[in-house]
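Numbering (our numbering), first residue to last: 486 to 662. Note that the Cβ used here is the ideal one computed from N, Cα and C, for glycine as well. Keep in mind the model is a prediction, meaning the values are calculated, not measured. Here's the structure we're looking at; comments come further down.
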Amino acid sequence: KEMEIVTEDEPDGNDSDDDDDDEDDDDDDDQISNEEREAMLGKYKEYLDREKVEGSFTEHDLSDITSQEDPAFLKFQKRIAREKEQVLRYTDSLHATPLYVATEGRPASKDIPPCSCGSARRFEFQILPQLLYYLGIDQGEDTLDWGTVIVYTCADSCTPAAGSEKYQSEFAWKQNH
Numbered sequence: 486k487e488m489e490i491v492t493e494d495e496p497d498g499n500d501s502d503d504d505d506d507d508e509d510d511d512d513d514d515d516q517i518s519n520e521e522r523e524a525m526l527g528k529y530k531e532y533l534d535r536e537k538v539e540g541s542f543t544e545h546d547l548s549d550i551t552s553q554e555d556p557a558f559l560k561f562q563k564r565i566a567r568e569k570e571q572v573l574r575y576t577d578s579l580h581a582t583p584l585y586v587a588t589e590g591r592p593a594s595k596d597i598p599p600c601s602c603g604s605a606r607r608f609e610f611q612i613l614p615q616l617l618y619y620l621g622i623d624q625g626e627d628t629l630d631w632g633t634v635i636v637y638t639c640a641d642s643c644t645p646a647a648g649s650e651k652y653q654s655e656f657a658w659k660q661n662h
């Protein structure tokens, strides 16, 4: 299958939970209305019927999931809705932050080890869960799954020492949904 690269401008700066009012960010309202939620549920139900998915969520499960209203998940859904088929989000900005799938499970600064050169690491790209679909990974109890995989690289873009490996090890953080 042929894929395309779609670019999207995002605001620079820290994306803290308390500060979602960047002037350049058109996601000022990250809440999904009841009508939008019901429309999303309807589309999901149509998909389940059309694809004859077995072991899917019950009506009660769907109501529980959508009523939890994790602000990070709502923001994730709203941003991903712009390009539903995206599987990778990349930035070259030194101040960018990942698009988290949940409020819980975010790495603290102390969780991200420094590079082998001693420099701090920065967020560079993230792999989205839609990739699992395109890879044909079946959902099950013991299968590969993630909310997002966030990759941190050397902020100084160091190069390996002469005579060592050709590539630097980077750090990946897996956030579950």
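*Is DSSP giving His657 helix, strand or coil here?*
The sequence shown places Ala at residue 657, rather than the His named in the question. If DSSP states are grouped into helix, strand and coil, Ala657 belongs with the strands.
*asked:* Can you tell me where the beta strand (DSSP E) holding Ile635 begins and where it ends?
replied: Run containing Ile635: 633-639, per the beta strand (DSSP E) assignment.
_My parser needs the beta strand (DSSP E) runs of 3 or more residues fully inside the stretch 569-621; what are they?_
Runs of the beta strand (DSSP E) inside the stretch 569-621: 573-575, 606-612.
_Suppose contacts are defined by Cβ-Cβ distances below 8 Å. Is Pro583 in contact with Ile635 by that definition?_
Taking 8 Å as the cut-off, the Cβ atoms of Pro583 and Ile635 count as close.
*Using DSSP with H/G/I as helix, E/B as strand and the rest coil, what is Tyr529?*
In this structure, Tyr529 counts as helix in the three-state DSSP scheme.
*Reference Ile612, options Glu589, Gln571, Ser604, closest by Cα*: Answer by Cα proximity: Gln571.
*Taking 8 Å as the threshold, find out whether the stretch 638-646 comes into contact with the stretch 580-594 through three or more Cβ pairs.*
Not touching, per the Cβ criterion.
*Go to Arg428, then tell me how far its alpha helix (DSSP H) extends in each direction, as first and last residue.*
Nothing in the structure corresponds to residue 428, since the chain is present only between 486 and 662.
_Could you compute how far the alpha carbon of Ser649 sits from the alpha carbon of Glu521?_
If I take the Cα positions, the gap works out to 53 Å.
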